[in-house]
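Trainee: Count along the sequence shown from 1, then add 854; that gives the number in this note's numbering. For every residue, glycine included, the Cβ atom is placed at its ideal position computed from N, Cα and C. Below is a structure I'd like to ask you about.
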Amino acid sequence: MKTWIAFWNIMLKDMRTYYLKPPNVSWGIIFPLAWTAMFFIKTGSGLKSILTLLPGVVAVSILFGTTSMLAVTVTFEKKNRSFERLLMAPIPLELLMLAKTSGAILFGVANALVPVAIAAFLVNLSQATWSAFLPAVVLIAVVSTFLGLFIAVAVSEVFEAQTFSNFFRFPMIFLCGLFFPIAKLPVFLKPLSYALPLTYGVDILRWSVAGQNLFPPALDFGVLVLFCILLFWLSLINVRKRWIV
């Protein structure tokens, strides 16, 4: 019981301190809106393109929202030595890091719901397979958060984490099939696309909204889960090696 009380309070503390601040809440709303407007301007195809654009906007909103926020929360607390006080909590390190990342996961899911809510007012989404869409949103938020955690624990400064994040984020945006179909990418880039977690997340979202998919949904879900486990495990190794003496 004490373990879960500590987990809950760490998550609530992060939510109040970082994620529920008015600038972050407004940014979480404006950012998806900006991406939506950008895609509409790019295509110029009107409302009929919403079902095609929605998976990409959702995925990008989650990716940038989670990695950006986690780079601030984790790196800032490590620099200010407040993370060391958290290590005194009666909670295993694995659960502690899950508590630190839960706020970012919820923030990413909330970011994803903004373009979905807008799309629901403009087009009919009744044909979407929500039983696949919603779990995919959660898994993309988890894998993006753990990617942000992996980056944040590898650096010392917030600006380093943000810069390092772009090294992963922008290749994922351009190689996961959002802008260019993977089938049309050069042969030497396709293996890199298949090694990116966002590729499989976007594939599920497209299948659930528009019925278009590159891989079987079960494979997409399985690969996303494996990426979540791998990134979290690597992050724990870095925390124990770099932060715990």
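How far does the alpha helix (DSSP H) with GLY910 in it extend, from its first residue to its last?
Mentor: Residues 904–933.
Trainee: With a threshold of 16 other CB atoms inside 10 Å of the CB of TRP1061, please say whether the residue is buried or exposed.
Mentor: Label assigned to TRP1061: buried.
Trainee: On the DSSP letters alone, give me the boundaries of the alpha helix (DSSP H) that ILE959 sits inside.
Mentor: Its alpha helix (DSSP H) spans residues 947–976.
Trainee: In terms of alpha-carbon separation, which member of MET942, GLU931, GLY962 and PHE1028 lies closest to THR921?
Mentor: Taking only the C-alpha atoms, the option nearest THR921 is GLY962.
Trainee: Within the continuous alpha helix (DSSP H) that includes ARG939, where are the two ends?
Mentor: Where ARG939 is concerned, the enclosing alpha helix (DSSP H) stretches over 936–940.
Trainee: What would DSSP say about GLN1016, mapped onto helix, strand or coil?
Mentor: Helix at GLN1016.
Trainee: Can you give me the C-alpha to C-alpha distance between ALA860 and LEU952, rounded to a whole angstrom?
Mentor: One C-alpha to the other measures close to 12 Å.
Trainee: Give the secondary structure of SER1010 by DSSP, where H, G and I count as helix, E and B as strand, and everything else as coil.
Mentor: Residue state, collapsed to three classes: coil.
Trainee: What is the DSSP secondary structure of PRO1040, reduced to helix, strand or coil?
Mentor: Note: PRO1040 maps to coil in three-state DSSP.
Trainee: Tell me the rounded alpha-carbon separation between LEU1088 and GLU931.
Mentor: Approximately 20 Å between the Cα atoms of the pair.
Trainee: Decide if LYS954 is buried, meaning its Cβ has at least 16 other Cβ atoms within 10 Å, or exposed.
Mentor: So LYS954 ends up on the buried side.
Trainee: Tell me which same chain residues have a C-beta within less than 8 Å of the C-beta of SER980, skipping the five on either side of it?
Mentor: The answer is none, since no qualifying residue turns up.
Trainee: Under three-state DSSP, which class holds THR857?
Mentor: Three-state result, THR857: helix.
Trainee: Express the C-alpha separation of ALA973 and VAL997 in angstroms, rounding to a whole number.
Mentor: Cα to Cα, the separation comes out at about 24 Å.
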